[in-house]
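J.: Count the sequence shown with my numbering and you get residues 1 to 231, in order.
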Amino acid sequence: MTVIMAFMPILLILLFSWFIRIGLKSLSKRIILTKHLAKGIILSYMSVLLFAVVVYELMPANEEELFTKTDLEKLENENQVFDEAFRKNEVSKLHKDFLVEEWTHEIEGDTFHIVSSNSDYLPAKVYVEWTDSKEQLVEGKVYRTNLFIYGMNMKDRIPFSKVKWEGDQLIIEEPTEQEYKYYRFSNNLAILTINDVFPSDETVRVQGETYLYLTVPKHMNVVDEMGLQLY
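1) Cα separation between isoleucine 191 and valine 222?
2) Just checking my contact of valine 100 with tyrosine 143 at CB under 8 angstroms: how many whole Å lie between their CB atoms?
3) Who are the Cβ neighbours of glycine 151 in its own chain at under 6 angstroms, not counting the five residues just before and after it?
4) Buried or exposed: which applies to glutamate 166, given that a residue is buried once 16 or more other Cβ atoms fall within 10 Å of its Cβ?
5) Are the CB atoms of phenylalanine 86 and lysine 125 within a distance shorter than 9 angstroms?
6) Going along the chain, which residues of its own chain have a beta-carbon closer than 6 angstroms to the beta-carbon of serine 133, five neighbours each way excluded?
7) What residue range does the beta strand (DSSP E) around glutamine 169 cover?
8) Using 8 angstroms as the cut-off, classify the Cβ of leucine 49 as near or not near the heavy atoms of the ligand SAH, replying yes or no.
9) Could you have a look at glutamate 139 and say whether DSSP puts it in helix, strand or coil?
10) Which of helix, strand or coil does DSSP assign to methionine 46?
11) Can you give me the C-alpha to C-alpha distance between threonine 70 and arginine 205, rounded to a whole angstrom?
12) Mind pulling the beta strand (DSSP E) runs of 3 or more residues that sit fully within the segment 59-127?
13) When DSSP builds the beta bridges, which residues end up paired with methionine 154?
14) The beta strand (DSSP E) that contains lysine 162, what's its start and end?
15) Measuring alpha carbon to alpha carbon, tell me which residue in His105, Trp103 and Phe82 is nearest leucine 94.
16) Using only the alpha-carbon positions, how far apart do lysine 79 and glycine 208 sit?
17) Considering only residues of the same chain and omitting the five flanking positions on each side of aspartate 168, which have a CB-CB separation below 8 angstroms?
18) If glycine 140 and leucine 228 are in contact, beta carbons under 8 angstroms, what's the gap, nearest whole angstrom?
19) Rounded to whole angstroms, what's the CA-CA distance from isoleucine 42 to lysine 181? Just pull it up for me.
20) Distance, Cα to Cα, threonine 176 vs valine 48?
21) Quick one: residues in its chain with C-beta nearer than 6 angstroms to the C-beta of isoleucine 172, no 5 flanking neighbours on either side, listed in chain order?
22) List the residues that DSSP assigns as beta-bridge partners of proline 217.
23) To the nearest angstrom, how far is it from the Cα of glutamate 135 to the Cα of glutamine 178?
24) Drop a sphere of 10 angstroms on the beta-carbon of phenylalanine 51, count the other beta-carbons inside from all chains shown, and report buried for 16 or more, exposed for fewer.
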């Protein structure tokens, strides 16, 4: 509730009182505002304020949880730990909460290609674990790390790279562009700007990334012309 909204009830009451006073004067110049009328106005204002407080408390809260700078630093550290574990193939350290998809795909030949739907965009980091399996099965796990913007969790709102098979091609699709708007309301008299919460010299974004972990038999060949695979 802003400052103007806070004083809106008293402004309405004063305006209403002014109309009453004008009306009374038009009926008789002898009629004046009495103490009784003044008390009535004050009591009316207090009643409106009490009613507003009750309504405000009963209104359902649907607030967006804002994470502090300290929280964001911890989340960013989680991303860094995951990235390091992914690069070193330390499977046990891969955060299970980051797993968003897993699948198994059978291919006919002994070669498949890893490609991106946009040659100018690197949609994911890829790691290939080689196994001694004689089957034609490729297993995949898709991970996505923390994504926060201005303290808000955007992981489930901003789409991530999708993976699909077309013949012998494993295509990593670029996420579709999406616009997200939000409006900030506060019941504080002193409204804070986003810069008051997150000064310009502090981190306000935790940049999440998409990771693709593949398990591939050693007798297969993986063609990765874009260099998505980590070694």
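For each residue, glycine too, the CB sits at the ideal point set by N, CA and C.
T.: With the given structure in hand:
1) Any answer about isoleucine 191 is weak, because its pLDDT of 47 lies below 50 and its placement is not dependable; what the coordinates show is given next. Distance between the alpha carbons of isoleucine 191 and valine 222 is about 56 angstroms.
2) 7 angstroms
3) Leu66 and Phe67
4) exposed
5) yes
6) Pro217
7) 169-173
8) Because no ligand of any kind appears in the structure shown, any question about the ligand SAH cannot be addressed here.
9) strand
10) helix
11) 12 angstroms
12) 99-106 and 111-116
13) According to DSSP, methionine 154 bridges with nothing at all.
14) 162-166
15) Phe82
16) Strictly speaking, residue 79 in this sequence is asparagine, with lysine absent from that position. In a straight line, the C-alpha of asparagine 79 is about 7 angstroms away from that of glycine 208.
17) Ile107, Glu108, Gly109, Thr111, Phe112 and His113
18) Not quite, the Cβ-Cβ distance comes to about 13 angstroms (not below 8 angstroms), so this is no contact.
19) 42 angstroms
20) 49 angstroms
21) Ser116, Pro123, Ala124, Ser161 and Val163
22) Thr131
23) 40 angstroms
24) exposed
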